[in-house]
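Each residue of the sequence shown is one higher than the last, beginning at 344 in the working numbering. To start, the structure under review is shown below, and the notes come after it.
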Amino acid sequence: MFDAQFAYELLNGIALSMARLYPCMFLVPAFLFKHLKGLPRYAVLTALALIPAPGIGQELSRLGKSWSDIFFLIFKEMILGTLMGLVLYLPFFLFSAVGVLLDNQRGALTGGQLNPALGADVTPLSHLFEETMIMLLMIIGGLPLLMQVIWDSYQIWPATSWWPALQGQGFDVYLGILQDTFTHLLLYSAPFIALLLLVEAAMALIGIYSPQLNVFILAMPAKCVIGLAFLVIYLPTLMDLGTERLELLKAVRHTLLLMVPGPREPTP
């Protein structure tokens, strides 16, 4: 028998669940929402939203939330989902940015620098490192961990509650995470950049003693060959460092609670 009340509660719960899930899963590359287009994307999103939706819908009916309340709750959930997505995206951003620095240093982005009309820079190593991080996440079983962080967020910040309230302490925590990310970004890319700077210095010396030689044309292929040869040696170290950064996702739920204090802590 069709239950109109249950269907109404379920639709409200799905809407509120999707508001948190969509921005979070869109920002995290491991969910591949940037490649999953159209109906398949929303089918996956709806299937995941069905998990917390019944409880959220019943709680909305119990509290007697109006349409205006639900609208503002959806807006609040979108902000929370974006915040969670930004935090979960940081390990992928770290190694993607390392790839951008390496490509920039070896001259792969020179065309975009000389002609801004080419549009956004395409960085092969950035894409490679991001895909490598997704592979490492699958190997260490981190995808269920990402989903568990999302489900735990409903214990920290109930969807039907007006909590959390943004505070200055939360921004300090987030800035601390960003500082740690950019610090490791410089540390991870430093060996590669230092090597290519030495290559450029050597090319400059060659240009001094051989003025007729076009050092600019010679330097780019030399840096690419030497840089990629060094990358073959350095890549295992980067993969170990990437695994360590992904394992830090276990503490994300407590980090989120420090950033935006909620009404209660998740059960261990």
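For each residue, glycine too, the CB sits at the ideal point set by N, CA and C. Since the model is a prediction, treat every value here as computed from it, not as a measurement.
Leaving aside the five residues before and after residue i along the sequence, list all residues of the same chain whose C-beta is less than 7 Å from its C-beta, in chain order.
i, result
"Val595", "Val430, Leu431, Val492"
"Phe376", "Met368, Phe369, Arg384"
"Ala396", "Leu353, Gly356, Ile357, Ser360"
"Tyr577", "Pro534, Phe535"
CB residue i to CB residue j, shorter than 8 Å?
i, j, result
"Gln401", "Leu539", "no"
"Leu599", "Ile499", "yes"
"Leu584", "Tyr531", "yes"
"Asp549", "Leu556", "Checking the displayed sequence, the identity of residue 549 turns out to be Ile instead of Asp. Going by C-beta atoms, Ile549 is nearer than 8 Å to Leu556."
"Ile323", "Ala362", "In the structure as shown, the chain begins at 344 and stops at 611. Residue 323 is therefore absent and cannot be evaluated."
"Ala440", "Leu518", "no"
"Leu364", "Leu382", "no"
"Val371", "Leu489", "yes"
"Leu601", "Val516", "yes"
Whose C-alpha, out of the options, is nearest the C-alpha of residue i?
i, options, result
"Ala572", "Leu548, Met427, Leu445", "Leu445"
"Ile394", "Gly356, Met481, Asp412", "Gly356"
"Ala544", "Phe414, Phe559, Ser469, Glu474", "Phe559"
"Leu574", "Arg588, Phe525, Pro534, Leu391", "Pro534"
"Phe435", "Ser504, Leu468, Thr389", "Leu468"
"Gly513", "Arg363, Met427, Ser360", "Met427"
"Asp495", "Leu391, Leu379, His597, Ile417", "His597"
"Glu420", "Pro366, Ala537, Pro372", "Pro366"
"Met481", "Ile422, Gln348, Thr586, Ser439", "Thr586"
"Leu592", "Gly484, Ala347, Ile569", "Gly484"
"Leu581", "Leu471, Leu489, Cys567", "Leu471"
"Glu590", "Tyr497, Pro487, Gln348", "Pro487"
"Ala537", "Ile551, Ser411, Gly570, Thr475", "Gly570"
"Phe414", "Trp505, Thr389, His378, Ile551", "Trp505"
If I measure Cβ to Cβ from residue i and keep anything under 8 Å in the same chain, skipping five residues before and after, which residues do I get?
i, result
"Ala350", "none"
"Ala562", "Gly450, Val542, Glu543, Met546"
"Glu473", "Pro372, Phe435, Phe438, Ser439, Gly442"
"Ala565", "Val542, Met546"
"Thr425", "Pro366, Cys367, Leu370"
"Pro554", "none"
"Leu379", "Val387"
Using a Cβ-Cβ cut-off of 6 Å (strictly less than) and excluding sequence neighbours within five positions of residue i, which residues of its own chain qualify?
i, result
"Arg588", "Pro434"
"Thr524", "Leu433, Leu437"
"Cys567", "Arg449"
"Met476", "Phe435, Phe438, Gly585"
"Thr466", "Gly442, Val443, Asp446"
"Phe374", "Met368"
"Tyr497", "Pro395"
For this session: Pick out the complete alpha helix (DSSP H) segments inside the stretch 474 to 521, 4 residues or longer, and give them in chain order.
Result: Runs of the alpha helix (DSSP H) lying entirely within the stretch 474 to 521 and spanning at least 4 residues, in chain order: 486 to 499.
Problem set entry | Secondary structure, beta strand (DSSP E): runs of 3+ residues fully inside the stretch 378 to 455 | If we require 3 residues or more, the stretch 378 to 455 turns out to have no beta strand (DSSP E) run fully inside it.
For this session: Starting from the N-terminal side, write out each stretch of the alpha helix (DSSP H) that is 4 residues or longer and does not extend beyond the stretch 570 to 602.
Result: Runs of the alpha helix (DSSP H) inside the stretch 570 to 602: 595 to 602.
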